[in-house]
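This note's numbering puts the first residue of the sequence shown at 3, with every later residue one more than the last.
Here a beta-carbon is modelled for each residue, glycine too, at the ideal position from N, C-alpha and C.
Worksheet for the structure shown next.
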Amino acid sequence: MKTLPPADCAIKTTCPYCGVGCGILATRDEAGTVSVAGDPEHPANFGRLCSKGSALGETIDLDGRMLFPEIGGKCASWDQALDLVAGKFRDAIAEHGPDSVAFYVSGQILTEDYYVANKLMKGFIGSANIDTNSRLCMASSVAGHRRAFGSDTVPGSYEDLESTDLLVLVGSNLAWCHPVLYQRIVAAKEVRPGMKVVVVDPRRTMTADFADLHLAIAPDGDAALFAGLLAYLDKTDTIDHEYVTAHCNGFDEAVAAASALSPADVSAQTGLDGDELDAFYRLFAASEKSVTLYSQGVNQSSCGTDKVNAIINCHLATGRIGKPGMGPFSVTGQPNAMGGREVGGLANMLAGHMEIERADHREMVQRFWQSPVIAGQPGLKAVDLFEAVADGRIKALWIMATNPVDSLPDADRVEAAIKTCPFVVVSDVLRETDTVRHAHVALPSSAWGEKDGTVTNSERRISRQRRFLPLPGEVKPDWWQLAAVGKRMGYGLAFDYPDAAAIFREHAALSAFENNGTRDFDIGAYAGIDSREFDSLPPFQWPQAAGAQKEDTRFFANGNFYTEDRKARFVPVAPEVPRRVSGDWPLVLNSGRVRDHWHTMTRTGKSPRLSTHIAEPFAELHPEDALEIGVRDADLVRVSNPQGEIILRSLVSPRQRKGSVFVPMHWTDQFASAARVDTLVPGITDPISGQPASKNAGVRAERFGVKLYGFAVCVEKPILDKKTDYWAIARSRAGWRVEFAHGTEIEDIAGWATRLAGLDDSGDEDTAQRLAYHDARYGQHRIAWFDGARLLAAVFVSHGPVAVSRSWAAEQLASEHADAQARFRVVAGRPANDRPDPGAIVCSCFSVGVNDIADAVVRQGCTSVDAIGKRLKAGSNCGSCRAEIRGIIDEHRVLAAE
Ligand code: SF4
Numbered sequence: 003m004k005t006l007p008p009a010d011c012a013i014k015t016t017c018p019y020c021g022v023g024c025g026i027l028a029t030r031d032e033a034g035t036v037s038v039a040g041d042p043e044h045p046a047n048f049g050r051l052c053s054k055g056s057a058l059g060e061t062i063d064l065d066g067r068m069l070f071p072e073i074g075g076k077c078a079s080w081d082q083a084l085d086l087v088a089g090k091f092r093d094a095i096a097e098h099g100p101d102s103v104a105f106y107v108s109g110q111i112l113t114e115d116y117y118v119a120n121k122l123m124k125g126f127i128g129s130a131n132i133d134t135n136s137r138l139c140m141a142s143s144v145a146g147h148r149r150a151f152g153s154d155t156v157p158g159s160y161e162d163l164e165s166t167d168l169l170v171l172v173g174s175n176l177a178w179c180h181p182v183l184y185q186r187i188v189a190a191k192e193v194r195p196g197m198k199v200v201v202v203d204p205r206r207t208m209t210a211d212f213a214d215l216h217l218a219i220a221p222d223g224d225a226a227l228f229a230g231l232l233a234y235l236d237k238t239d240t241i242d243h244e245y246v247t248a249h250c251n252g253f254d255e256a257v258a259a260a261s262a263l264s265p266a267d268v269s270a271q272t273g274l275d276g277d278e279l280d281a282f283y284r285l286f287a288a289s290e291k292s293v294t295l296y297s298q299g300v301n302q303s304s305c306g307t308d309k310v311n312a313i314i315n316c317h318l319a320t321g322r323i324g325k326p327g328m329g330p331f332s333v334t335g336q337p338n339a340m341g342g343r344e345v346g347g348l349a350n351m352l353a354g355h356m357e358i359e360r361a362d363h364r365e366m367v368q369r370f371w372q373s374p375v376i377a378g379q380p381g382l383k384a385v386d387l388f389e390a391v392a393d394g395r396i397k398a399l400w401i402m403a404t405n406p407v408d409s410l411p412d413a414d415r416v417e418a419a420i421k422t423c424p425f426v427v428v429s430d431v432l433r434e435t436d437t438v439r440h441a442h443v444a445l446p447s448s449a450w451g452e453k454d455g456t457v458t459n460s461e462r463r464i465s466r467q468r469r470f471l472p473l474p475g476e477v478k479p480d481w482w483q484l485a486a487v488g489k490r491m492g493y494g495l496a497f498d499y500p501d502a503a504a505i506f507r508e509h510a511a512l513s514a515f516e517n518n519g520t521r522d523f524d525i526g527a528y529a530g531i532d533s534r535e536f537d538s539l540p541p542f543q544w545p546q547a548a549g550a551q552k553e554d555t556r557f558f559a560n561g562n563f564y565t566e567d568r569k570a571r572f573v574p575v576a577p578e579v580p581r582r583v584s585g586d587w588p589l590v591l592n593s594g595r596v597r598d599h600w601h602t603m604t605r606t607g608k609s610p611r612l613s614t615h616i617a618e619p620f621a622e623l624h625p626e627d628a629l630e631i632g633v634r635d636a637d638l639v640r641v642s643n644p645q646g647e648i649i650l651r652s653l654v655s656p657r658q659r660k661g662s663v664f665v666p667m668h669w670t671d672q673f674a675s676a677a678r679v680d681t682l683v684p685g686i687t688d689p690i691s692g693q694p695a696s697k698n699a700g701v702r703a704e705r706f707g708v709k710l711y712g713f714a715v716c717v718e719k720p721i722l723d724k725k726t727d728y729w730a731i732a733r734s735r736a737g738w739r740v741e742f743a744h745g746t747e748i749e750d751i752a753g754w755a756t757r758l759a760g761l762d763d764s765g766d767e768d769t770a771q772r773l774a775y776h777d778a779r780y781g782q783h784r785i786a787w788f789d790g791a792r793l794l795a796a797v798f799v800s801h802g803p804v805a806v807s808r809s810w811a812a813e814q815l816a817s818e819h820a821d822a823q824a825r826f827r828v829v830a831g832r833p834a835n836d837r838p839d840p841g842a843i844v845c846s847c848f849s850v851g852v853n854d855i856a857d858a859v860v861r862q863g864c865t866s867v868d869a870i871g872k873r874l875k876a877g878s879n880c881g882s883c884r885a886e887i888r889g890i891i892d893e894h895r896v897l898a899a900e
């Protein structure tokens with residue numbers, strides 16, 4: 003392992019969260035404290051970072067880390083653990099064949115990790131049973147690209163999003179899910195107000211707030227929307243016939259399929275009226291420079307591949323592809339989904355963007371690797387892979403950097419399958435996740451800051467993730483673990499890598515191997531770089547073939563697709579919206595991200611700052627649906643279907659589409675009693691891409707009746723017993739905050755609250771000063787414990803939702819309460835007059851709440867986001883909250899004018 007950079011030296015690395023791939027300057031001081039800033043020279047972000055990226059320094063402590071290999075929950079040496087893993091995989095293969103083992107990896111691992119995993123499985127074990135959680139994120143885009151282009155190519159660059167005249171965002175809450183890209187677009191629109199933005203999304207998200215046109219489309223109506231657009235473009239002769247004739251096949255068939263839908267059919271499938279459709283179609287036809295950007299709302303569908311091709315068809319038909327400001331643009335959720343695609347980390351791909359179905363590609367890869375075998379056919383895609391675990395076909399499974407017990411559809415069934423698998427290895431950074439707890443062997447992996455290698459962002463830009471922290475305990479990189487097992491399985495030389503640079507060199511060489519312009523992915527220019535050059539490698543966009551000009555890296559402006567005749571293929575799309583609601587399950591369940599959390603919160607859940615924005619899982623309901631089922635805002639609501647049920651806080655909002663309910667994807671059993679949304683998502687997949695339909699499940703929502711509601715803040719992690727029917731915990735600056743509810747009355751409230759606060763065994767209960775207020779008539783109980791001026795815990799219980807400012811109460815753990823008045827104020831749950839309640843936190847960088855912003859609008863006349871920034875600093879750092887600030891200004895502007 004190479005030496006660490008000296009303290010106080012800013013290291014250029016890359017954010018480990020979303021597919022924007024922002025460059026970061028990370029600095030570690032002598033005491034080990036890490037600060038991060040945006041890298042002004044990185045072409046993805048030019049110095050910007052969102053709230054998640056800005057808070058990375060808060061997520062790298064060793065609390066909860068897995069530091070040693072474990073066998074059966076007990077510490078073991080690396081030799082013992084690796085011998086066992088290699089032996090079990092070897093035995094399963096010998097007895098049941100290569101397809102009896104599988105790897106399930108992740109878009110979080112680096113390209114070098116991915117490369118070694120894929121090589122071991124496909125080239126040496128001889129199976130293609132390696133799939134990745136990126137299957138859940140962008141597999142439909144991959145399939146759509148390959149159908150149309152003959153290759154998995156994103157044709158454009160981020161610049162195109164800024165220089166276009168019309169940006170259509172489909173199924174993408176960019177403001178929350180790709181915040182820095184969103185900020186780049188907002189800035190471009192401020193400079194060129196003539197640039198139009200259309201948002202196609204069933205919900206009125208924060209992204210929709212800055213759109214010129216929001217189309218609140220019916221779930222899964224996207225293919226019909228774009229089929230209707232193709233028919234409109236044909237009817238109005240907005241076709242680039244020259245481009246289509248020279249570079250495409252299948253135009254007539256695609257237009258015929260699209261034209262078979264009447265305008266009434268399109269309206270019925272999209273839920274949009276004629277005027278809305280007309281407005282969008284006219285705008286698209288009139289805007290030569292147009293980009294259609296899409297993400298999970300398109301991909302996570304049983305017709306996701308058709309949606310992608312319906313979008314691409316419109317860009318091919320108008321020749322708007324691969325030119326500045328034009329093209330279809332898929333953005334990936336994960337930081338290295340694209341790197342995984344490059345190395346063939348999906349079960350149906352080969353390394354170097356080669357095709358597993360092609361014998362010549364298989365032969366080429368095998369010859370390059372000099373491997374004994376090569377997988378002869380596609381392996382099991384994620385959902386099928388866990389089906390095979392469930393029915394016993396998979397005897398040994400290695401899960402790496404992902405949490406399928408929470409993130410795969412039909413999650414309870416996945417958990418049951420993992421429990422019955424004869425041998426499960428999990429490589430992770432944390433010791434306690436919902437998946438690690440089922441591992442026979444757990445292997446400690448390096449985390450962000452300890453990893454060294456490359457990632458590829460959504461615009462095909464490869465950037466370095468650099469190590470600036472020591473590897474703690476016996477932690478090892480994922481590629482090292484895989485290579486060590488490969489060696490133990492008898493494949494010595496092929497896995498004898500001294501460092502990540504050697505793997506990158508081999509990956510680059512394979513991309514160029516007998517390529518000669520026949521494959522899109524070619525980074526042969528880097529096949530010969532040495533370890534020093536790798537260390538200083540600046541971000542670059544592929545392709546970068548050896549000896550080629552490093553100019554425009556866009557694809558397809560002049561055709562030259564990667565099909566046999568080098569022409570693109572129009573794909574006829576005959577949309578039919580899958581309906582999964584019924585009388586018993588009348589609501590469509592839609593899932594997705596919130597602004598400040600990531601995946602299953604294993605990292606963001608560590609940051610108090612990120613937990614202030616939304617600290618509890620919720621179900622967003624339309625007011626009419628809520629009224630119908632008797633649910634009020636902040637009630638608890640049960641969302642269920644035949645697969646299971648989850649309990650969440652209700653958020654009643656007109657932003658939601660009537661007939662739909664939105665639930666965030668992040669909460670696991672580590673953070674809430676029952677909020678794993680994927681327990682309700684059926685294992686239905688797109689027949690071409692294998693991507694699960696995560697945004698269209700039929701469910702029922704109903705009020706979850708409780709006798710007692712509660713909220714607490716505690717210095718120590720709260721202890722929840724089985725009697726607590728609902729709970730959700732989050733970190734705060736000086737401890738924890740917890741929401742809870744009970745279906746039955748509690749007889750000894752004080753005793754129960756003491757146990758919750760962890761004070762009965764600690765001895766603190768004997769010495770702590772307890773203040774309490776009880777009103778049995780209204781079921782109100784408020785108890786607080788102090789150690790001198792320091793608040794240890796405060797518990798608030800009520801028959802209705804507890805009316806205490808959460809952010810204020812959480813801050814009391816970090817405040818001094820020197821006099822009796824201050825302590826009684828905590829029990830009363832009321833801020834002092836001179837310290838008004840900030841309300842729910844909107845700007846997590848500067849802890850500015852909704853009440854602060856509303857006050858600045860109404861009393862101080864701040865009516866722009868910049869004015870709020872000047873007054874309160876809110877929105878002036880990472881900018882992730884600017885859309886919300888704009889919404890609060892709009893809501894209160896009328897009051898300000900009065
Ligand atoms: Fe990280 Fe935010 Fe940039 Fe995504 S937008 S890469 S989460 S800083």
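Considering only the alpha carbon of each residue, which of the options lies closest to residue i?
| i | options | result |
| --- | --- | --- |
| Arg-605 | Gly-59, Asn-47 and Glu-43 | Gly-59 |
| Thr-238 | Ala-218, Ile-219, Glu-255 and Ser-261 | Ser-261 |
| Leu-653 | Gln-645, Val-641 and Gly-646 | Val-641 |
| Val-708 | Val-633, Ser-655 and Cys-845 | Val-633 |
| Gly-158 | Pro-42, Glu-461, Ala-390 and Ala-398 | Glu-461 |
| Val-202 | Pro-181, Ala-226 and Val-188 | Ala-226 |
| Val-193 | Gly-173, Pro-411 and Glu-164 | Glu-164 |
| Ser-849 | Phe-228, Arg-651, Gln-658 and Arg-611 | Arg-611 |
| Leu-285 | Leu-168, Asp-362 and Ala-390 | Leu-168 |
Helix, strand or coil for residue i per DSSP?
| i | result |
| --- | --- |
| Gly-276 | helix |
| Tyr-775 | strand |
| Gln-336 | coil |
| Gly-712 | strand |
| Gly-526 | helix |
| Gly-488 | helix |
| Gln-185 | helix |
| Thr-456 | strand |
| Ala-353 | helix |
| Asp-789 | strand |
| Lys-121 | helix |
For residue i, count the other beta carbons within 10 Å of its own beta carbon; 16 or more makes it buried, fewer makes it exposed. Which is it?
| i | result |
| --- | --- |
| Leu-51 | buried |
| His-243 | exposed |
| Ser-264 | exposed |
| Tyr-499 | buried |
| Glu-32 | exposed |
Tell me whether residue i counts as near ligand 3, meaning its Cβ is closer than 6 Å to at least one heavy atom of that ligand.
| i | result |
| --- | --- |
| Asn-405 | For ligand 3, the structure offers nothing, since it holds only ligand 1. |
For the beta strand (DSSP E) containing residue i, name the first residue and the last one.
| i | result |
| --- | --- |
| His-98 | Careful: His-98 lies outside any beta strand (DSSP E), inside the alpha helix (DSSP H) at 80–98. |
| Cys-930 | In this structure the chain extends from 3 to 900, so residue 930 is not present and cannot be described. |
| Glu-647 | 646–654 |
| Val-201 | 198–202 |
| His-216 | 215–217 |
Name the two residues that bound the continuous alpha helix (DSSP H) containing residue i.
| i | result |
| --- | --- |
| Asp-308 | 306–319 |
| Ala-419 | 413–422 |
| Ser-261 | 253–261 |
| Pro-406 | 406–409 |
| Phe-664 | Careful: Phe-664 lies outside any alpha helix (DSSP H), inside the beta strand (DSSP E) at 662–666. |
**Asked** Listed in chain order, which residues are found with a beta carbon closer than 6 Å to a heavy atom of ligand 1?
**Response** Cys-17, Tyr-19, Cys-20, Val-22, Gly-23, Cys-24, Asn-47, Leu-51, Cys-52, Lys-54, Gly-55, His-180, Pro-181 and Val-182
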